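Report on the following structure.
Numbering (this note's numbering), first residue to last: 4 to 339.
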């Protein structure tokens, strides 16, 4: 061995050895930015109430994380955008007319119980925003399922109580749903641009798709979960979603209605609570789609995206464990 090599100082560190310019903060704030088009449409249709509800969610989420970390003498990470994102996602899962305590309680549950008590970012088992919404739905079901026409609120008129497209579809059928909007083309247009009753995040499918395109461009998400999710929903809706027998359903309505776009692109793809292996992500997406349609078609609720993602969060570690690739050169141990 040469003298130069003997005198060379080598540094050994833990992986990863290849680093990138991307950071947690940059990723989180980019995801927040990608939701801006959908938030703008929510403000357009629901007016100041959209800002009020979402703002309360974000403020409570950020403050809850900051106060908890300071109280536990931990590093304060409330500026990395993750708490902001949880509050934003929760706000977009709420109706615009909820009382002030709904977003406050929901954000507290999402951050403190679902995230911080499990160890903070990267250790939570379930999607925090969805757990917050699930808690609110179980605690105040009437307030969480009271919907209003969006245009009336934007114009400052008395809010007219109405049902969501999925609610009308489930209770009265496709014919009544089409009659409610005039014709099928008007129905598709309303669902695409968001002029329907529902949560703030249901305001515009096209705005959410614009945000999703940003995430794909930045390579923050891949096609595996959202496309397997949406394909399963479309196929199941087409086969089993019609009243006239098999293969008579309308997949477009199910794809554009409810929290489908928000869930498939922004919530099911959460890094922490979904599988890390590509094959596992496809299985995860198929599971989300199947459970969503099972609830929509046969369950008591007209919507099933939230429950589907939370249920599949439970199986994410198990899926990863069973689809992980075999180690190259590994020798399989013989069973005794």
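Just so it is clear, CB atoms sit at the ideal spot from N, CA and C, and this is done for glycine as well.
Since this is a predicted model, take the numbers as computed values, not measurements.
By the neighbour-count criterion, in which 16 or more other beta carbons inside 10 Å mark a residue as buried, residue 174 falls on the exposed side. With fewer than 16 other beta carbons inside 10 angstroms of its own, residue 226 counts as exposed. Between residue 41 and residue 216, the C-beta spacing is not below 8 Å. In the displayed model, residue 241 falls within a helix according to three-state DSSP. Contact annotation, residue 258 with residue 233: C-beta distance approximately 6 Å; criterion of less than 8 Å satisfied. For residue 118 and residue 89, the gap between their C-alpha atoms comes out near 10 Å. At the C-beta level, residue 290 and residue 310 stay beyond 8 Å of one another.
Excluding the 5 residues flanking it on each side, residue 205 has same chain C-beta neighbours closer than 8 Å at 167, 197, 199, 260, 261, 262, 265, in chain order. Counting along the chain, the unbroken alpha helix (DSSP H) around residue 315 starts and ends at 308-326. For residue 164, the secondary structure class from DSSP, reduced to helix, strand or coil, is strand.
Taken through DSSP and simplified to helix, strand or coil, residue 150 comes out as strand. Between residue 203 and residue 86, the beta carbon gap of about 18 Å keeps them out of contact (Cβ cut-off 8 Å). Approximately 5 Å separates the beta-carbon atoms of residue 228 and residue 271; this is inside 8 Å, confirming the contact. Around the Cβ of residue 84, a 10 Å sphere holds 16 or more other Cβ atoms; the residue is buried. Across the structure, residue 293 and residue 303 are spaced so that their CA atoms are roughly 16 Å apart. In the DSSP annotation of this structure, the continuous segment of the alpha helix (DSSP H) that includes residue 67 starts and ends at 51-74. If you ignore the 5 residues before and after residue 172, its C-beta comes within less than 6 Å of the C-beta of 180, all in its own chain and listed in chain order. In the structure shown, the three-state DSSP call for residue 35 is helix. The Cβ neighbour count for residue 328, taken over all protein chains shown within 10 Å, is under 16; the residue is labelled exposed.
Per DSSP, reduced to three states, the secondary structure at residue 287 is helical.
Contact between residue 256 and residue 194 holds, since their C-beta atoms are separated by about 7 Å, short of 8 Å. Taking the C-beta atoms as reference points, residue 106 is found no nearer than 8 Å to residue 92. In the three-state reduction of the DSSP assignment, residue 225 falls in the coil class. Residue state for residue 25 is assigned as coil, using DSSP reduced to three classes. Residue 94: member of the alpha helix (DSSP H) spanning 85-95, first to last residue.
Residues of the same chain with their beta carbon placed closer than 7 Å to that of residue 116 are lacking, with the five preceding and five following residues left out of the count. Where residue 179 is concerned, the enclosing alpha helix (DSSP H) starts and stops at 177-184.
Looking at the backbone, the Cα of residue 104 and that of residue 190 are separated by about 34 Å.
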